[in-house]
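See below for the structure under consideration.
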Amino acid sequence: AELPNGFAGRLYRTGDLARFDNEGNIEFLGRIDTQVKIRGFRVELAEIESLLLQWPGIRNAAVALKEGADGVKKLIAYLILDPNHLLDEKAVRAYLRERLAPYMLPAALVPLLSFPLLTSGKVDRKALPYPVGGNQPVARELTLPRNPLESAIYAAWQKRFDTADISVTDDFFDLGGNSLLASLIISELRQQPDFQGLSVKEMYTRRTIEALAAAVATSSFGSASAPAAGGAGQPPAVPLRPASTATRLATAILQLLSIAAFYAVPVLLLSFSLSYRSDLTDWPLLETIGMSAAAVVLYVPLACLLVVVFKWLVIGRFQAGEYPLWGFYYYRFWVVKKLVEAAPTQLLSATPFLAVFYRLLGAKIGENVYLGSTRLMCFDLLSIGDGASIAREAGLLGYRIERDRLIIGPIAVGRDAYVGLRSIMEGSTSLGDEAELDDLSALAAGRQVPAREGWQGSPAQRVRAAEPAGPRRPAAGPGAGYLLAQAAAIGLLLLVPSGALLPCLGIMYWSVERFGDEPSLLMLLPLSALYVLLLMAGLALVKRVVAGRQASGTLPLYSLAYVRHWVADAVLAQSLALLKSLYATVYAPAWLRLLGATVRWSAEMWLR
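The sequence shown begins at 948 in the working numbering and counts up one residue at a time.
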C-alpha cells in the first residue's frame, strides 16, 4: 500500500503471521495474539499454526481450543490442503512431536475446504466445527479389535478421541493422548469387571490397545469374582490382602502416639531452657551468646545424625514391593518419612553436605552430584550417577499410594543426567547417562529414559536428543577452602533468625522479672513486630555484605563465587519461610528492593 508521506528503507509489520505464496508475495494471515491455557500451560496457537504451514501440501492452518461433550478441552488443528493432496496424519504428528511440547500437540487434525471468517477477514475460531467421530474418511489400513477386551478398550478410546481412525496398534500418545484422557479412559474401563484393578500407570507402559488388552488378559486386573484371564491351567495371581481392622486401629493408635511425641520435643526443649533461665542470668553475656550460637550451629548436624540413627532402627533398608496401606510396615515407613521431613536440610540443599546426609541414609550417590532438592525418599533404592544434577524441588520419592497399597520401587539417575525443576520421577523409573527430564515433567512408574535423550511433559515423552556432552573430563571435587566457606555460610544463615530472637527474648525475660508473667503477655505483640524487623535487617545485611550484587553468567560450582550466589538464594528462601505473610502485603516490593531487586514503585506483587 502506498503511504502518503513515504518512508525510507524497509517497512515491518510486527506481530503478524505470514507466509510466502508461489510468486514470492507475502500473505498476512492474522495477528499472533491467540494465547490459550490448557492443563495449566499457556499456549500460543499461532506457534502451532506456523509449524503446520511449513508442512508441504498445507495451504492454511488454524488451531482452536475446543470443548467436547465430555467437558474435556482439546487443541484441534484445522487444515486447508492443496488440491489433490492427501494428508499423511502420522507423518505430520511425528513432525510436530519433534518441535512442540507434549501439551501443545493437537488432539485432532481436521481437513476443511474453507475457514469461517470474521468481518475483519480473520479466522472465526469459535465457528470452527468440533470434529465428529466417524465423519472423517480413513486414509489408512486399520487393525480392528479381535477379542472382547480389545473391543472394550477400543470403544473407550474412540469415545475420547472422537474419531474412527484408530487401530489397535496405534500409540496412545501418538493419537494426541495426555494424562487427563488417560485417567478418563481408565475410569471408564474400571466400570467393567475385567478392568476393575486397572491403573493409569498401565496406559503409560502399555500404550496400544493391543498391548493393554494382552496385559489385562494375563494379569489379575479384574474383580475378585471374575475368572482368571490368563487362560486354562494358569493360576490367578494372588492379590495383596488389605490390612485388617485390628491392624488399622493399631496403626492409628501408634500414629497418634508418634504425633504427640513429635510435638512434645519442642515443648520439652522450651521447658528446659526456661528452667535454666535463672542460671543463665549468672553467666557473662558474651559467654551466654556464644553458647547459644554453638547450640544453634550444632543443631543441624546433630539433628541429621539423629534422623539417620532412627531411620536404620525403625525401618532398616527400604525394600521394593507392595505393602498393605495402614499395615505395620506402612507405619514404620510413615515414621521415617516424617523424621526425614523434619530434618533441618533446607540450608543443606544445593551444597555437598546434602549428599553426605542422603548417603548416610542409604542412597547411592556418585561424585560431584548437585542436589538442589530435599524431596528424596526410599534411599536404599535410589541411585544417582557421577555428575548428575537434581534441580530444586524435584521429587525422587520412589513410592506411591494406590488402591490400599504402598508401592515402593527403585529410581536410577545416570551419569551427567539432569532432573528438572519440580519434576517427578516415580518408583521403578530410570534416567540414562546424559539424559534430561525437563522442568515440570513427570516420569511415570515403569518408564526408562534412554541415554542422551530429552523428555518433557506430564506424562513425560521424548522431545529431542540431548545435546552431546563431549569427552568426559575428570571433574575436580569440592576443595577444603570451598567446604569451609560453604559451612560458614550455612552457619551464618542459621544464626540470623536466632540473632534476631535473642534481643526479643532478653526483653521478655526482663519484663517477666520486673513485672511478672501476666503483664508481660502484653509485650508479645510489639516484640513479634520487633523480631520481624530485626530478622529483615539481618537477612538484608547478609545479602548485601556477603552475597553482594549478583550478575548473570556461569559460575564454577565449587567456588567462592558460587557460595555468594548460594547465600543470595538462601536469604530469599529463608525470607519466604520465616516471613511468608509479608509476601502477600504492600510491603513485598519494598522488601525485595531492600534485597537488591529492581521493582518499580507502581508494581503490584503477590508472592507465595
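Where is the CB? At the ideal position from N, CA and C, for every residue including glycine.
Every value quoted in this text rests on a predicted model; they were computed, and no experiment measured them.
{"Asked": "Span separating the alpha-carbon of A1008 from that of A1103", "Found": "29 angstroms"}
{"Asked": "Burial state of L1471, where buried means 16 or more other Cβ atoms lie within 10 Å", "Found": "exposed"}
{"Asked": "Separation of D1117 from G1068, as counted between CA atoms", "Found": "38 angstroms"}
{"Asked": "Y1365 to E1314 span [Cα, whole Å]", "Found": "15 angstroms"}
{"Asked": "Proximity winner among I1100, L1075, L1440, Y1278, relative to S1522 (alpha-carbon distances)", "Found": "L1440"}
{"Asked": "For L1328 and I1358, believed in contact at Cβ under 8 angstroms, the rounded distance", "Found": "7 angstroms"}
{"Asked": "Buried or exposed by the 16-neighbour rule on C-beta atoms within 10 Å, applied to R1006", "Found": "exposed"}
{"Asked": "Beta-carbon proximity check, V1479 vs S1467, cutoff 8 angstroms", "Found": "no"}
{"Asked": "Under 8 angstroms between C-beta atoms of V1057 and L1064", "Found": "no"}
{"Asked": "Top-ranked residue by Cα proximity to S1098, from L1136, V1287, T1152, F1219", "Found": "L1136"}
{"Asked": "Range covered by the alpha helix (DSSP H) that runs through E1551", "Found": "Taken as a continuous stretch (DSSP letters only), E1551 belongs to no alpha helix (DSSP H), as it is neither H nor E."}
{"Asked": "Cβ shell of A1537 (< 7 angstroms), same chain only, five flanking positions each side left out", "Found": "none"}
{"Asked": "Nearest to Y1530 (by Cα), restricted to the options T1298, F1119, Q1497, M1483", "Found": "M1483"}
{"Asked": "Boundaries of the alpha helix (DSSP H) in which I1454 is found, first to last residue", "Found": "1427-1462"}
{"Asked": "Reduced DSSP category for Q1143 - H, G, I as helix; E, B as strand; rest coil", "Found": "coil"}
{"Asked": "Nearest candidate by alpha-carbon position, reference A1302, set Y1346, L1387, S1320", "Found": "S1320"}
{"Asked": "Per-residue DSSP class, three states only, for I1133", "Found": "helix"}
{"Asked": "Option in G1237, L1344, S1205 with minimal Cα separation from L1442", "Found": "G1237"}
{"Asked": "Touch test, the stretch 1261-1273 against the stretch 1236-1252, Cβ-Cβ under 8 angstroms, three pairs minimum", "Found": "no"}
{"Asked": "CA-to-CA distance, S1499 to T1155, given in whole angstroms", "Found": "46 angstroms"}
{"Asked": "Close beta carbons around A1391, own chain, < 7 angstroms, minus the five adjacent residues each side", "Found": "K1148, Y1151, E1373, P1406"}
{"Asked": "Neighbourhood of F1326 by C-beta distance below 7 angstroms, restricted to the same chain and skipping five residues each side", "Found": "F1265, Y1305, L1308, G1309, A1310"}
{"Asked": "Distance between L1519 and L1525 (C-alpha atoms, nearest Å)", "Found": "10 angstroms"}
{"Asked": "Chain-order list of residues whose beta-carbon lies under 8 angstroms from that of L998 (same chain, five-residue window excluded)", "Found": "Y1042, L1043, R1046, L1047"}
{"Asked": "Counted within 10 angstroms of its Cβ, other Cβ atoms place I1023 as buried (16 or more) or exposed", "Found": "buried"}
{"Asked": "Neighbourhood of S1377 by C-beta, 6 angstroms cutoff - its chain only, sequence neighbours within 5 removed", "Found": "A1359, Q1395"}
{"Asked": "Local Cβ density within 10 Å of S1528, reported as buried at 16 or more and exposed below that", "Found": "exposed"}
{"Asked": "Buried or exposed (CB count within 10 angstroms, at least 16 for buried), Q1181", "Found": "Note that Q1181 scores 38 on pLDDT, short of 50, meaning its location in the model is unreliable and no value can be drawn from it."}
{"Asked": "Endpoints, the alpha helix (DSSP H) within which P1299 is located", "Found": "1299-1307"}
{"Asked": "Beta-carbon separation (whole angstroms), L1089 vs S1114, contact threshold 8 angstroms", "Found": "4 angstroms"}
{"Asked": "Y1505 versus G1424, P1450, V1019, V1514, residue with shortest Cα-Cα distance", "Found": "G1424"}
{"Asked": "Cβ pair Y1077, F988 closer than 8 angstroms", "Found": "no"}
{"Asked": "Whole-angstrom distance between I1206 and W1548, CA atom to CA atom", "Found": "46 angstroms"}
{"Asked": "Local Cβ density within 10 Å of P1299, reported as buried at 16 or more and exposed below that", "Found": "buried"}
{"Asked": "Reference D1029, options D1017, K1020, S1061, closest by Cα", "Found": "S1061"}
{"Asked": "Proximal residues to A1267 (C-beta, below 7 angstroms), its chain only, five neighbours per side dropped", "Found": "L1328, I1355, G1356, P1357"}
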